[in-house]
Structure formats: C-alpha cells, structure tokens
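When the letters of the sequence shown are read in order and numbered with our numbering, they come out as residues 1 to 138. Following: one structure in structure tokens, then a few remarks.
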Amino acid sequence: MITPRVLFLCTHNSARSQMAEGLLRTMAGDRFEVQSAGTEKTAVHPLAIRVMAEHGIDISGHSSKVYDGLIAASWDSVIAVCDDANERCPVFPGAIEHLHWSFEDPSRATGDEQARLVVFRRVRDEIEARLVEWLATR
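Set out below in structure tokens:
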C-alpha cells in the first residue's frame, strides 16, 4: 500500500505549517507521509515549539524549508495554511487535492509573552480541529 503524502504550506514555514505537520504526524501515526515548507525560509518559531510541547509533540527538531525542491514530488494533498502562501505558491502538478485553510499568523501576535502564547495556543487548537474534520473524511 502506498502511503498518502501531505504537504503543508505557509509563508515562513515557522509556525502554522510546522504545527500542522507535527499535529498530523501525531494524530494519524504512519497513515501519511507529512512535510511542511514555505515560500521563504526562516526558523521554527520558539513559541510554536513551546505550545506544541504542551500537547506532548516535539517539533524542536524541525527546520524551516522552502517549497522549491518539493514541487516535482508527488503529493496527494497540498494544504496552504495561510492566505499569502495560498496566493504565492505555484501549482503542484502531481497533487490530487489543493486545499486552503486560512489561519491567523500567530507570529504577528503582539503583547507580552503570555498574550502571544494565547494566540499560538488558539491557532494550534484551530489547526487541530480542522485536521480532525479532514481526517474523518479519509
């Protein structure tokens, strides 16, 4: 049996796409091969690492990467988790489905660390809820 491949895309591949990658891996086990990438390479946001650790998911070993080297790969699902990536990303010709899930960018949250953590947690939980719905159709 061939394992379906899922790619999460976001602008910086620093928070939303990284959290989605970690969540799907944890929620679905080995049912999917999962990766994430961005339109720009940055670093995984420390608060994304922190809120995922609160869920028992370690993404501290993840690295930010750009999608360029992944376009030619065969993907079953390409899921943009931000508006900018959805607009700027090229077509992945082998992908069976292209989805756009719009989530607020938690890295743009303002205030002290506690206020920013509230936003990161909310976005993490929204991504998790969307993945629960998506997995129910698989």
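For every residue, glycine included, the Cβ atom is placed at its ideal position computed from N, Cα and C.
Which of helix, strand or coil DSSP assigns to residue i
i           : result
residue 120 : helix
residue 128 : helix
residue 104 : coil
residue 17  : helix
residue 44  : coil
residue 109 : coil
residue 49  : helix
residue 5   : strand
residue 38  : strand
residue 72  : coil
residue 80  : strand
Residue j beta carbon less than 8 angstroms from that of residue i
i           : j           : result
residue 59  : residue 22  : yes
residue 34  : residue 117 : no
residue 64  : residue 100 : no
residue 77  : residue 54  : no
residue 102 : residue 83  : yes
residue 120 : residue 47  : yes
residue 19  : residue 135 : no
CB-CB length for residue i against residue j, believed under 8 angstroms
i          : j          : result
residue 17 : residue 8  : 4 angstroms
residue 81 : residue 62 : Rounded, the Cβ-Cβ distance is 15 angstroms, inconsistent with contact.
residue 75 : residue 94 : 6 angstroms
residue 32 : residue 66 : No, residue 32 and residue 66 are not in contact; Cβ-Cβ is about 21 angstroms, not under 8 angstroms.
Assigned exposure category for residue i - 16 Cβ within 10 Å defines buried
i           : result
residue 114 : exposed
residue 49  : buried
residue 124 : buried
Any C-beta of chain C under 8 angstroms from that of residue i
i          : result
residue 63 : In the structure shown, chain C cannot be found, because there is only a single protein chain.
For the pair the region 126-138 and the region 37-45, tell me if three or more CB-CB distances fall below 8 angstroms.
no
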